[in-house]
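Per full-length UniProt numbering, the sequence shown starts with residue 1, numbered consecutively. Ideal Cβ placement from N, Cα and C applies to all residues, glycine included.
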Amino acid sequence: MNILVTGGAGFIGSALCRHLVAVGENVLNVDKLTYAGNLASLWSIENCSNYRFVNADICNEAALIELMRREEIDRVIHLAAETHVDRSIDGPAQFIETNIVGTFRLLQATLKYWRELPDRKARQFRFHHVSTDEVFGDLPFDDSTFNEQTPYAPSSPYSASKAASDHLVRAWHQTFGLPIVMSNCSNNYGPYHFPEKLIPLVILNALDEKPLPIYGAGTNVRDWLFVEDHARALALIASKGAIGESYNIGGGCERTNLAVVQAICDILDRMKPRNHSRSYRDLITFVDDRPGHDRRYAMNTAKIESHLGWKPQESFETGLAQTIAWYLDNEWWWKPIREGTYGGSRLGRLAAG
Ligand code: NAD
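This is the structure:
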């Protein structure tokens with residue numbers, strides 16, 4: 001299969017490209033290389049004959065059609081997006097442009113290309129839109145979960161822009177017949193995660209003996225999934241998912257933010273002890289809560305498990321230890337980003353005072 005992956009230089013997109021190349025698919029990675037895109041995350045596949053990178057913007061409809069025609073694309077897996085909630089609070093415009101307008105342009109390009117395909121190829125074609133559990137909004141602290149029928153109720157500019165893109169994709173299927181599948185996934189973690197997100201930020205601040213910032217009282221709950229489990233789920237849905245359907249993906253692994261940060265500290269205490277046998281937990285710093293901060297997300301994954309036979313393989317404990325070991329071993333990847341000009345994260349700045 002010739003698969004066009006948008007956003008393949010990002011955290012999840014690069015894991016997906018590595019997975020697809022390893023299982024023998026032909027991958028065309030289309031990425032604009034924003035601050036979050038990093039070709040260094042693809043070093044292990046950059047010389048593979050079944051992998052190619054093109055620097056392009058999903059808002060450029062003409063360039064996208066041209067690429068799809070030239071590469072005879074059989075499938076599109078769409079991950080390109082602005083993804084950081086804090087940035088969407090500080091400056092929502094780019095989220096509207098990329099996540100909503102960009103998805104619209106990509107849909108238009110795909111629809112035109114799909115309509116040109118001969119019947120047999122058109123029947124096999126799929127457009128897979130990758131989205132988030134955050135579109136469903138806020139859950140109480142009980143045992144309720146999001147399923148595929150949960151009404152949308154996004155709280156942040158990021159989740160609202162992703163919700164809008166989900167609606168566009170569904171409409172292009174219902175109105176124009178474009179063969180789409182969709183997935184909504186919980187919080188990912190793992191290697192090559194940009195250091196403004198909670199888990200890598202805490203690991204790297206701990207190594208630098210800097211404060212470990214936690215919003216509010218740290219009671220917000222997220223459902224964590226190892227990124228390689230997500231990549232396997234995406235490959236499966238793109239090939240076997242039923243047209244017009246959406247699938248929830250999650251780790252079945254709810255943790256408060258405080259528990260996540262404490263778990264990182266405890267693993268680091270074993271792997272790289274601090275001086276004078278102090279724990280990294282001493283660096284934990286509570287900062288003013290994020291506005292509109294959803295209390296809890298949790299996914300019901302019964303549909304993907306029963307229809308497609310997917311289950312996460314990594315537990316949070318083993319996945320987190322693997323992730324921390326990766327950051328300890330791969331300073332070459334994160335150091336230039338930490339020392340670069342991206343300006344640090346809002347959470348990091350709050351902790352620094
Ligand atoms: P990321 O921020 O790490 O990567 C996004 C990538 O998109 C970057 O490589 C960036 O350069 C590229 N990009 C941005 N604008 C572009 C444009 N206009 N044209 C082409 N490329 C562009 O994001 P991620 O965490 O890997 O998330 C990927 C997708 O998965 C997103 O759609 C996100 O909403 C979704 N998602 C993420 C999570 C998570 O926990 N990270 C969970 C569920 C769903």
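For Asp-223, the uninterrupted beta strand (DSSP E) run begins and ends at 221-226, by DSSP. Contact between the segment 100-113 and the segment 133-152 is absent: fewer than three C-beta pairs spanning the two stretches fall below 8 Å. Along the length of the segment 220-283, whole beta strand (DSSP E) runs at least 3 residues long occupy 221-226, 246-249 and 254-256, reported in chain order.
Between the alpha carbons of Val-202 and Ser-306 lies a gap of roughly 36 Å. For Pro-179, no alpha helix (DSSP H) segment is defined, and its DSSP state is neither H nor E. Straight through space, the alpha carbons of Leu-64 and Asp-119 are spaced by roughly 21 Å. Residue state for Phe-194 is assigned as coil, using DSSP reduced to three classes. In its chain, beyond the 5 residues on either side, Arg-255, Phe-316, Glu-317 and Leu-320 have a beta carbon closer than 8 Å to the beta carbon of Ala-263. Beta-bridge analysis with DSSP links Tyr-215 to Val-287.
Residue Asn-99 holds the alpha-carbon nearest to the alpha-carbon of His-78 among Asn-99, His-84, Gln-94 and Glu-66.
At the C-beta level, Ile-214 and Phe-286 come within 8 Å of one another.
Straight across, the Cα-Cα distance linking Phe-53 with Asn-26 is about 11 Å. Between Ser-44 and Tyr-192, the C-beta spacing is not below 8 Å. Beta-bridge partners of Asp-31 (DSSP): Asn-55. Annotated as distal: Pro-211 and Leu-204, with beta-carbon spacing of 8 Å or more.
Distance between Trp-172 and Ser-279, taken at the CA atoms: about 53 Å. The three-state reading of DSSP puts His-84 in coil, since its state is none of H, G, I, E or B. For Tyr-297, there is no enclosing alpha helix (DSSP H), as DSSP marks it with neither H nor E.
Shortest Cα-Cα distance from Leu-350 to any of Pro-312, Lys-311, Ala-206 and Asp-288 involves Asp-288. Boundaries of the beta strand (DSSP E) harbouring Ile-77: 75-78, taken from the DSSP string. The distance from the Cβ of Leu-4 to that of Leu-67 is about 7 Å, consistent with a contact at the 8 Å cut-off. Residue state for Asn-26 is assigned as strand, using DSSP reduced to three classes. Around the beta-carbon of Thr-145, 16 or more other beta-carbon atoms lie within 10 Å, marking it buried. In terms of Cβ geometry, Leu-258 and Asp-86 do not form a close pair [threshold 8 Å]. The DSSP assignment places 103-116 and 119-124 as complete runs of the alpha helix (DSSP H) inside the segment 93-160, in order along the chain (cut-off: 4 residues). Going by DSSP, Ile-304 is part of the alpha helix (DSSP H) stretching over 302-308.
When the Cα atoms are used, Pro-92 and Asp-208 turn out to be separated by approximately 31 Å. The DSSP-derived three-state label of Asn-205 is helix. Val-21 sits away from Thr-6, with the two beta carbons spaced by 8 Å or more. When rounded, the separation of the alpha-carbon atoms in Leu-117 and His-84 is 36 Å.
Cβ neighbours of Asp-269 within its own chain (closer than 7 Å, five residues either side excluded): Ser-279 and Tyr-280.
Pro-312 is the residue among His-276, Pro-312 and Ile-284 whose C-alpha sits nearest the C-alpha of Leu-234. Within 10 angstroms of the beta-carbon of Phe-176 lie fewer than 16 other beta-carbons, which makes it exposed. Look at Ile-199 here: in three-state DSSP terms it is helix. Ranked by Cα distance from Ile-180, the first of Lys-197, Val-260, Glu-245 and Thr-150 is Glu-245.
Ranking Arg-232, Asn-47, Glu-339 and Asp-142 by CA distance to the CA of Ile-304 puts Arg-232 first.
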